[in-house]
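Novice:
2 protein chains.
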Amino acid sequence: MPETIDEQITIEKTKDPKEIPADDDLDFGRLFSDHMFMMEYESGKGWHDPQIIPYQPLEIDPGSSFCHYCQVTFEGMKAYRNEDDEIMLFRPDKNAERLNNSNRRMCMPELDPEFFIKAVKTLVDVDSDWVPSSEGTSLYIRPFIVATEKYLGLKSSDSYKFLIIASPVGSYYPEGLKPTEIKVETEYVRSVKGGTGAAKTGGNYGRSLLAQNQAAEEGFDGVLWLDGRERKYVEEVGAMNVFFRIDDTIVTPSLEGTILPGITRDSVIKILEDRGEEVEERKLEIEELAQAYRNGYLQEAFGTGTAAVIAPIGRIQWEDLNMEINDREVGPLTSEIYDILTGIQRGRIKDKYDWTDKVK
Amino acid sequence: MPETIDEQITIEKTKDPKEIPADDDLDFGRLFSDHMFMMEYESGKGWHDPQIIPYQPLEIDPGSSFCHYCQVTFEGMKAYRNEDDEIMLFRPDKNAERLNNSNRRMCMPELDPEFFIKAVKTLVDVDSDWVPSSEGTSLYIRPFIVATEKYLGLKSSDSYKFLIIASPVGSYYPEGLKPTEIKVETEYVRSVKGGTGAAKTGGNYGRSLLAQNQAAEEGFDGVLWLDGRERKYVEEVGAMNVFFRIDDTIVTPSLEGTILPGITRDSVIKILEDRGEEVEERKLEIEELAQAYRNGYLQEAFGTGTAAVIAPIGRIQWEDLNMEINDREVGPLTSEIYDILTGIQRGRIKDKYDWTDKVK
Ligand SMILES: Cc1ncc(COP(=O)(O)O)c(C=O)c1O
Ligand SMILES: Cc1ncc(COP(=O)(O)O)c(C=O)c1O
Chain V
4 MPETIDEQIT IEKTKDPKEI PADDDLDFGR LFSDHMFMME YESGKGWHDP QIIPYQPLEI
64 DPGSSFCHYC QVTFEGMKAY RNEDDEIMLF RPDKNAERLN NSNRRMCMPE LDPEFFIKAV
124 KTLVDVDSDW VPSSEGTSLY IRPFIVATEK YLGLKSSDSY KFLIIASPVG SYYPEGLKPT
184 EIKVETEYVR SVKGGTGAAK TGGNYGRSLL AQNQAAEEGF DGVLWLDGRE RKYVEEVGAM
244 NVFFRIDDTI VTPSLEGTIL PGITRDSVIK ILEDRGEEVE ERKLEIEELA QAYRNGYLQE
304 AFGTGTAAVI APIGRIQWED LNMEINDREV GPLTSEIYDI LTGIQRGRIK DKYDWTDKVK
Chain W
4 MPETIDEQIT IEKTKDPKEI PADDDLDFGR LFSDHMFMME YESGKGWHDP QIIPYQPLEI
64 DPGSSFCHYC QVTFEGMKAY RNEDDEIMLF RPDKNAERLN NSNRRMCMPE LDPEFFIKAV
124 KTLVDVDSDW VPSSEGTSLY IRPFIVATEK YLGLKSSDSY KFLIIASPVG SYYPEGLKPT
184 EIKVETEYVR SVKGGTGAAK TGGNYGRSLL AQNQAAEEGF DGVLWLDGRE RKYVEEVGAM
244 NVFFRIDDTI VTPSLEGTIL PGITRDSVIK ILEDRGEEVE ERKLEIEELA QAYRNGYLQE
304 AFGTGTAAVI APIGRIQWED LNMEINDREV GPLTSEIYDI LTGIQRGRIK DKYDWTDKVK
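As you go down the protein sequences, you meet chains V and W in turn. If you read the first sequence in my numbering, its first letter stands for residue 4, the second for the next number, and so on. If you read the second sequence in my numbering, its first letter stands for residue 4, the second for the next number, and so on.
#1: Chain V partners of Pro65/W, CB-CB under 7 Å?
#2: Determine, for Glu190/V, whether the minimum Cβ-Cβ distance to residues of chain W falls below 8 Å.
#3: What residues in its chain sit with their C-beta under 8 Å from that of Glu89/V, if we drop five residues either side in the sequence?
#4: Please indicate yes or no: does the CB of Glu259/W lie closer than 7 Å to some heavy atom of ligand 2?
#5: For Glu327/V and Phe247/V, what's the separation of their Cα atoms in angstroms?
#6: Between the Cα of Tyr83/V and those of Phe119/V, Ala218/V, Ser131/V and Pro182/V, spot the shortest distance and give me the residue it belongs to.
#7: Could you tell me the alpha carbon to alpha carbon distance between Glu322/W and Val187/W, rounded to whole angstroms?
#8: What does the alpha-carbon distance come out to for the pair Gly382/W and Ser257/W?
#9: Check Pro24/W in the structure and name its three-state DSSP category.
#10: Can you name the start and end residues of the beta strand (DSSP E) that Lys361/W belongs to?
#11: Following a CB-centred definition, is Gly205/W positioned closer than 7 Å to any heavy atom of ligand 2?
#12: Can you tell me whether Pro256/V is helix, strand or coil according to DSSP?
#13: Measuring only between beta-carbons, confirm whether Val195/V sits less than 8 Å from chain W.
#14: With DSSP as the reference, please indicate the residues paired to Met39/V in a beta bridge.
#15: Determine which residues of the segment 206 to 225 of chain W have a Cβ less than 8 Å from any Cβ of chain V, and write them out in chain order.
#16: Grouping DSSP H, G and I as helix and E and B as strand, with all else coil, what is Ala310/W?
#17: Can you tell me whether Ala310/V is buried or exposed, with buried defined as 16 or more other CB within 10 angstroms of its CB?
#18: Who are the Cβ neighbours of Arg101/W in its own chain at under 7 Å, not counting the five residues just before and after it?
#19: Does any residue of chain V bring its CB to less than 8 Å from the CB of Tyr154/W?
#20: State yes or no: is the C-beta of His71/W within less than 8 Å of the C-beta of Phe147/V?
#21: Answer with yes or no whether the minimum CB distance from Met109/W to chain V is below 8 Å.
#22: Tell me, please, whether the CB atom of Ala242/W is closer than 8 Å to any CB atom in chain V?
#23: Kindly indicate which three-state DSSP category Glu188/V falls into: helix, strand or coil?
#24: So the candidates are Pro112/V, Gly231/V, Ser137/V and Val254/V; which of them puts its Cα closest to the Cα of Asn85/V?
#25: Are any of the Cβ atoms in chain W nearer than 8 Å to that of Leu292/V?
#26: Heavy atom of ligand 1 less than 7 Å from the Cβ of Glu239/V, yes or no?
#27: List the residues that DSSP assigns as beta-bridge partners of Pro146/W.
#28: On a Cα-Cα basis, can you pick out the residue from Glu303/V, Gly173/V and Pro60/V that is closest to Ile249/V?
#29: Could you pull the start and end residues of the beta strand (DSSP E) that Ser93/V belongs to?
#30: Going by CA-CA distance only, name the one from Ser170/W, Lys48/W, Ala293/W and Asp30/W that's closest to Lys235/W.
#31: Can you tell me which of the three DSSP states Arg33/V falls into?
#32: DSSP beta-bridge partners for Val129/W?
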């Protein structure tokens with residue numbers, strides 16, 4: 004267990020605030036809010052010096068271990084403005100927990116989960132003007148930790164920086180939910196049992212670019228990853244978890260240590276089960292999917308993740324087999340789940356799960 | 004093919020040179036020489052602005068993609084001072100080639116290989132006082148490339164920085180070659196077919212720390228990695244390639260895309276073959292190794308890499324099987340190869356391979 008952090012977060016406000024773009028002009032992840040959170044770690048001393056400061060470049064020694072060995076973990080979460088003009092987070096305790104799991108896998112120091120949430124809330128509160136309000140918009144929050152020891156030997160660093168930055172983001176679907184087209188990746192591997200697939204660490208993402216770029220060149224929006232050992236089990240779609248509706252049962256790959264345990268995934272499972280749907284978390288062979296498709300049982304498919312919330316899948320190409328799903332239209336369950344989840348996140352639907360967490 | 008770079012390298016000398024430590028006080032990778040090389044890349048513009056500047060912190064925007072997604076590649080090489088007081092590199096063309104291979108795997112821009120060598124030589128020449136001269140010492144050179152685009156979307160960056168830093172290093176074996184003790188890693192995986200094991204990219208290293216730390220806690224110097232798919236083929240030892248002498252034949256794992264194609268590995272194979280040894284590059288099952296051990300045929304084992312050159316292995320623990328090799332003494336072939344290779348690197352032995360490359 005990480006030690007609790009009692010220190011106060013000091014706040015230094017910017018003297019030079021940026022112009023906040025109109026909701027319609029929001030992009031994803033290019034423009035950052037006026038402030039950032041920063042805290043230091045040293046072996047023996049623990050986490051210390053939590054502060055909110057104007058968003059600014061980091062001074063990184065070129066010998067810092069993270070520039071070479073990628074001892075890096077991160078999280079992704081959003082702050083939403085609800086219809087009562089309150090700012091809400093969605094299950095931030097889950098991000099705190101997952102960050103600590105990632106840290107353990109990467110030999111990095113854990114964080115007091117309550118302090119993590121406090122740091123996120125403090126930053127969002129200071130930059131509350133940056134939380135947009137139109138449907139589909141939010142403030143994307145990126146907590147991350149990097150190893151800073153100035154040493155080229157291969158070992159866990161003795162010092163770290165924990166940072167939180169935030170970027171206002173526009174709607175993922177300005178024209179409504181739109182199905183994506185993906186290909187099954189049969190050459191490249193994202194993750195393998197015994198590796199770091201269940202951790203949110205940068206190496207998993209850099210490693211995935213080549214497959215993604217090649218798929219884009221072939222006209223696809225992304226890839227469906229197969230497991231690294233047997234190359235036959237479905238794992239994730241791009242950087243999202245994946246769900247299929249097969250013969251009225253919902254199937255999603257089980258957590259075997261190779262896929263990221265998505266918070267959206269977990270929420271979708273709970274909502275589905277509550278609605279009385281049959282949900283199976285289990286190994287799913289790509290061949291089984293193809294068989295279901297051939298027999299007319301593959302009804303819907305969608306990805307889940309914080310960025311898109313729900314990403315309907317309209318087409319899956321596996322070698323020579325072109326699987327068009329639900330006539331490339333958004334499926335009924337897909338769109339219902341999207342409405343329920345975004346409804347809870349924005350406070351339109353009563354949150355009986357206690358998932359939303361007010362910033363103030 | 005990368006475009007050639009015609010620009011001159013500008014040189015700005017430090018006004019505040021550091022004290023150069025005595026050869027006996029040298030550590031590895033903590034102290035860096037007075038200068039560093041830096042060059043920028045932008046899409047459309049290519050590599051530009053090559054410069055040597057005083058060693059200094061980088062200004063890195065916290066939204067830079069490499070802080071999150073580890074689009075990072077690097078190299079490791081050494082400059083040696085020979086007995087005629089000349090400074091020599093060892094096969095720098097191989098580092099240039101491997102860096103470009105890594106860059107392709109990581110969707111990063113390639114570098115003109117001749118320019119790469121010129122950049123390394125220019126830095127080493129400016130910091131030539133930092134190249135130590137005692138036996139076993141050298142200037143360790145770390146070229147690396149990081150993605151700098153300020154964007155949290157998952158895509159290949161549009162901008163990069165190429166840097167070269169250098170650190171004087173002491174002898175790896177101040178008291179002579181010393182065998183290491185390693186355990187066969189059966190839980191964690193370094194790399195898998197379809198992944199990035201053959202590229203020198205940071206994610207491979209951060210991912211390996213947990214196994215290494217656990218092995219250290221159990222009293223081992225490091226781990227012997229098995230393949231990620233079948234968990235039965237020997238791949239590498241720590242961050243080194245590995246060789247075994249079995250019944251008078253030398254066996255080393257073949258390059259199947261999961262292990263780093265080491266330059267020391269390649270050099271050792273050539274030297275051995277030239278001496279008339281039988282060298283087999285092939286898949287090697289850990290069970291075959293155990294069988295050879297049980298039958299008394301496992302004669303020697305050693306790792307190869309730029310840092311240690313040759314690292315004799317005295318003991319390998321595989322589950323319950325404790326394999327002591329050559330009575331935990333350095334084997335005769337191991338020490339001979341070490342003498343030949345370091346002899347060529349330091350100019351004591353005639354370099355009939357044309358591997359050494361004078362800085363001036
Ligand atoms: C690889 C990967 N899988 C799945 C997800 C979905 O996780 P979450 O629902 O917590 O955003 C993410 C993050 O968004 C991811 O990076
Ligand atoms: C994973 C890994 N394997 C092997 C090697 C050996 O390569 P080289 O002999 O080129 O130093 C290295 C680098 O030193 C490495 O990082």
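Beta carbons are placed, not taken as given, at the ideal position from N, Cα and C, and that holds for glycine.
Specialist: Taking the definition as stated:
#1: The count along the second sequence starts at 1 and reaches residue 65/W at position 62. Ordered by position in chain V, the residues that pass the 7 Å Cβ test against Pro65/W are Met39, Leu61, Leu166 and Ile168.
#2: Position 187 of the first sequence, counting from 1, holds the residue named residue 190/V. Yes, because at least one Cβ of chain W sits closer than 8 Å to the Cβ of Glu190/V.
#3: The residue given as residue 89/V occupies position 86 in the first sequence. The residues are Gly350, Lys361, Val362 and Lys363.
#4: Taking the first residue of the second sequence as position 1, residue 259/W is located at position 256. Flag unset: Cβ of Glu259/W not near ligand 2.
#5: In the first sequence, counting from the first residue as 1, residue 327/V sits at position 324. In the first sequence, counting from the first residue as 1, residue 247/V sits at position 244. If you take the alpha carbons of Glu327/V and Phe247/V, they lie about 13 Å apart.
#6: In the first sequence, counting from the first residue as 1, residue 83/V sits at position 80. Residue Ser131/V is the option with its Cα nearest to Tyr83/V.
#7: By one-based count along the second sequence, residue 322/W stands at place 319. By one-based count along the second sequence, residue 187/W stands at place 184. Cα to Cα, the separation comes out at about 7 Å.
#8: Chain W is shown from 4 up to 363; residue 382/W falls before or after that span and cannot be answered.
#9: Against the second sequence, residue 24/W aligns to sequence position 21. If DSSP states are grouped into helix, strand and coil, Pro24/W belongs with coil.
#10: Your numbering for residue 361/W matches position 358 in the second sequence. First-last of the beta strand (DSSP E) with Lys361/W: Thr359 to Lys361.
#11: For the purposes of this step, residue 205/W is taken as residue 202 along the second sequence, with counting starting at 1. Gly205/W Cβ: outside cutoff for every heavy atom of ligand 2.
#12: Reading the first sequence from its first residue, position 253 is the one you call residue 256/V. Pro256/V: strand per DSSP, three-state reduction.
#13: Position 192 of the first sequence, counted from the first residue, corresponds to residue 195/V. For Val195/V, the answer is yes, since a Cβ of chain W falls inside 8 Å of its Cβ.
#14: Translated into positions along the first sequence, residue 39/V becomes position 36. In DSSP, Met39/V forms a bridge with Ile56/V.
#15: Gly206, Asn207, Tyr208, Gly209, Arg210, Ser211, Leu212, Leu213, Gln215 and Asn216
#16: Within the second sequence, residue 310/W is the residue found at index 307, counting from 1. In this structure, Ala310/W counts as coil in the three-state DSSP scheme.
#17: By one-based count along the first sequence, residue 310/V stands at place 307. With 16 or more Cβ atoms within 10 Å of its Cβ, Ala310/V is classed as buried.
#18: One-based indexing of the second sequence puts residue 101/W at position 98. The residues are Glu78, Lys203 and Pro264.
#19: If you number the second sequence from 1, residue 154/W lands on position 151. Yes, Tyr154/W counts as interfacial toward chain V.
#20: Counted from its first residue, the second sequence places residue 71/W at position 68. Counted from its first residue, the first sequence places residue 147/V at position 144. In contact: His71/W and Phe147/V (Cβ atoms closer than 8 Å).
#21: What you label residue 109/W is simply residue 106 of the second sequence in a count that begins at 1. Cβ-Cβ to chain V under 8 Å: yes for Met109/W.
#22: Reading the second sequence from its first residue, position 239 is the one you call residue 242/W. Output row for Ala242/W: interface = yes.
#23: The residue given as residue 188/V occupies position 185 in the first sequence. DSSP places Glu188/V in strand when its eight states are reduced to three.
#24: By 1-based counting over the first sequence, the position of residue 85/V is 82. The option with the nearest alpha carbon to Asn85/V is Ser137/V.
#25: Looking up residue 292/V in the first sequence gives position 289. Taking Cβ atoms only, chain W never reaches closer than 8 Å to Leu292/V, which makes this a no.
#26: Reading the first sequence from its first residue, position 236 is the one you call residue 239/V. Yes, the beta carbon of Glu239/V sits closer than 7 Å to at least one heavy atom of ligand 1.
#27: The count along the second sequence starts at 1 and reaches residue 146/W at position 143. Note: Pro146/W sits in a beta bridge opposite Ile167/W.
#28: In the first sequence, the residue the question calls residue 249/V occupies position 246. Here the closest residue by C-alpha is Glu303/V.
#29: Position 90 of the first sequence, counted from the start, is the residue given in the question as residue 93/V. Reading off the sequence, residue 93/V comes out as Phe, not Ser. Where Phe93/V is concerned, the enclosing beta strand (DSSP E) stretches over Ile90 to Phe93.
#30: Translated into positions along the second sequence, residue 235/W becomes position 232. When only C-alpha atoms are compared, the closest one is Ala293/W.
#31: As a position in the first sequence, residue 33/V is number 30, starting the count at 1. Coil, per DSSP.
#32: What you label residue 129/W is simply residue 126 of the second sequence in a count that begins at 1. According to DSSP, which records beta bridges pairwise, Val129/W is partnered with nothing at all.
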